[in-house]
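Here's the structure, in structure tokens; my notes come after.
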């Protein structure tokens, strides 16, 4: 059918709006079939994570720190105090060239147990973002970024808490990283044992790894008249 | 009591065996009270994690990749194929100076919801290891490392799977990173709202974040006579 050929062509020339353009840094050397540049997939992996791991170079050596982040469209915001080392290095985007960073998010979905030690693996979803971070200086963008950081932890929470005041905003630094050079990597499914190992007497399969939330613990000083809001009970 | 003075002296001069010595890189610029150099704490945080985030420098820019790891005493092993970029760069410890790395592990334990947006936080436990990685070339150490990698995913699993053969060992590269320049960082407890915010009508407290395992899924090609072993049922 000629329709099949058309479909194939379409799938190979992605609409630019739907995918990130691969670069030397975002094409993995191993397991290329697990790589994806689909924006929707990348967003879903990012939005599900509570922390990212932010890498930067200090005195020639790598540093990797876990940190809160938020997303607004194709832009990530990472939070810190104005005194923190990476944020000072990022500058304000005008007087400084910005800070080269690599921001990575990973979810472990399953333990993949093969008959052979060699084929043990994890099921996972990860996103790696390469780019240059700049400090957010525009007051309006800073407010948007801080709301995004709070709503990333619990969607809807920024509207149900006291917004930052002038003193707090002055003590808070946020860096911006555009989603441009980005890839996702996903492994799903069961173990891939070699055919000659299938008869070995070892249990083989996947142990799912699950995340979840426990019962909310009110603050010691919470007024008992303040009920648990619906968006928290629904987590 | 003179005994009290003695105790104080002891607590300030840690036994070298129990703690890592702080360095410029392992003393945080923020929230120093959350830092710890206790080896037992560091080990427990590392051992609970399925992946670490490994940072290194490539062409002057940072790279952060999620990867499996294992621990044997005060030594970490990170796994990869012989063709992977960081492993090639690490060399064999004799012909190459090794690869400067930063290896970070993070557990999120709770969402800390304050009345003020500013005081929102996470409860977490993290470990950051700085050092120089070298490729493992000794065959005996390589076998030990591969067992540790498998047992890190499920304790006891290396004894219940087929060990690597010569071909598999040749295709596997492992790098070694000594636990030497190491710190943990831990946040626990409820929100720290400012006194003037305590009467605000926002729910405040902690939403615990829990990890767990789902029901094991046997491989499609698993012989039905192979029962789920006890160490997996107990996860």
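Chains as they are written, first to last, in this note's numbering: chain A, 13 to 247; chain B, 13 to 247. No residue lacks a Cβ here, since even glycine has one placed at the ideal position from N, Cα and C.
At 3 residues or longer, and completely inside the region 47 to 71 of chain A: list those beta strand (DSSP E) runs for me, N to C.
Runs of the beta strand (DSSP E) inside the region 47 to 71 of chain A: 64 to 70.
Select from 216(B), 220(B), 171(B), 142(B) the residue whose C-alpha is nearest the C-alpha of residue 214(A).
Counting from 1 along the first chain, the entry for residue 214(A) is found at position 202. Of the listed residues, the one whose Cα sits closest to residue 214(A) is 171(B).
Is the separation between the beta-carbon of residue 62(A) and that of residue 49(A) shorter than 8 Å?
For the purposes of this step, residue 62(A) is taken as the residue at position 50 of the first chain. For the purposes of this step, residue 49(A) is taken as the residue at position 37 of the first chain. No; because the gap between Cβ atoms is not below 8 Å, this pair is not in contact.
Excluding sequence positions up to five away, which residues of its chain have a Cβ less than 8 Å from the Cβ of residue 19(B)?
Counted from its first residue, the second chain places residue 19(B) at position 7. Residue confidence for residue 19(B) is low, a pLDDT of 38 falling below 50, so the modelled location carries little weight; the figure read from the coordinates is stated next. So no residue of the chain qualifies.
In three-state DSSP terms, what is residue 166(B)?
Reading the second chain from its first residue, position 154 is the one you call residue 166(B). DSSP places residue 166(B) in coil when its eight states are reduced to three.
Could you name the residues of the region 117 to 129 of chain B whose beta carbon sits closer than 9 Å to any beta carbon of chain A, in the order they occur along the chain?
Cβ contacts with chain A come from 117, 118, 120, 122, 123, 124, 125, 126, 127, 128, 129.
On the premise that residue 67(B) lies in contact with residue 75(A), defined as a C-beta separation below 8 Å, what is that separation, rounded to the nearest angstrom?
Taking the first chain and counting its residues from 1, the one referred to as residue 75(A) is at position 63. Taking the second chain and counting its residues from 1, the one referred to as residue 67(B) is at position 55. About 7 Å separates the two Cβ atoms, so the contact holds.
Taking Cβ positions only, does residue 50(B) come closer than 8 Å to chain A?
For the purposes of this step, residue 50(B) is taken as residue 38 along the second chain, with counting starting at 1. No, residue 50(B) lies away from the interface with chain A (no Cβ there is under 8 Å from its Cβ).
Taking a contact to mean a Cβ-Cβ separation below 8 Å, would you say residue 191(B) touches residue 86(B) in this structure?
Position 179 of the second chain, counting from 1, holds the residue named residue 191(B). Position 74 of the second chain, counting from 1, holds the residue named residue 86(B). Contact flag set, yes.
With a cut-off of 8 Å, does the C-beta of residue 232(A) fall near any C-beta of chain B?
Residue numbering aside, residue 232(A) sits at position 220 when the first chain is read from its first letter. With 8 Å as the cut-off, residue 232(A) counts as an interface residue toward chain B.
Going by C-alpha distance, which of 160(A), 201(A), 222(A), 53(A) is nearest residue 135(A)?
By one-based count along the first chain, residue 135(A) stands at place 123. Nearest of 160(A), 201(A), 222(A), 53(A) to residue 135(A), Cα basis: 201(A).
When you compare only the Cα positions, how much space is there between residue 79(A) and residue 161(B)?
Position 67 of the first chain holds residue 79(A). Position 149 of the second chain holds residue 161(B). C-alpha separation (whole angstroms): 26 Å.
In the structure shown, what three-state DSSP assignment does residue 151(A) receive?
Stepping through the first chain from its first residue, residue 151(A) is reached at position 139. In this structure, residue 151(A) counts as helix in the three-state DSSP scheme.
Less than 8 Å between CB atoms is the rule here; does residue 55(A) satisfy it with respect to chain B?
As a first step, residue 55(A) must be located in the first chain, where it is residue number 43. By this cut-off, residue 55(A) is not an interface position.
What does residue 190(A) touch in chain B if you count any residue whose Cβ is under 9 Å from its own?
Along the first chain, read from residue 1 onward, the residue named residue 190(A) stands at position 178. None at all; the shortest Cβ gap to chain B is about 15 Å.
Mind pulling the chain A residues with CB within less than 7 Å of residue 169(B)?
Position 157 of the second chain, counting from 1, holds the residue named residue 169(B). Under the 7 Å cutoff, chain A gives 125.
For residue 46(B), which residues in the same chain have their Cβ closer than 7 Å to its Cβ, ignoring the five residues on either side in sequence?
As a working note, residue 46(B) is residue 34 in the second chain. Only 197, 198, 199 meet the Cβ criterion.
With contact counted as at least three CB pairs below 8 Å, one residue from each stretch, are the region 147 to 158 of chain B and the region 117 to 128 of chain A in contact?
Verdict: no, contact absent.
In angstroms with no decimal places, state the Cα-to-Cα distance between residue 221(B) and residue 233(A).
Position 209 of the second chain, counting from 1, holds the residue named residue 221(B). Position 221 of the first chain, counting from 1, holds the residue named residue 233(A). Approximately 21 Å between the Cα atoms of the pair.
For chain B, is any of its Cβ atoms less than 8 Å away from the one on residue 60(A)?
Along the first chain, read from residue 1 onward, the residue named residue 60(A) stands at position 48. No - not a single Cβ of chain B is within 8 Å of the one on residue 60(A).
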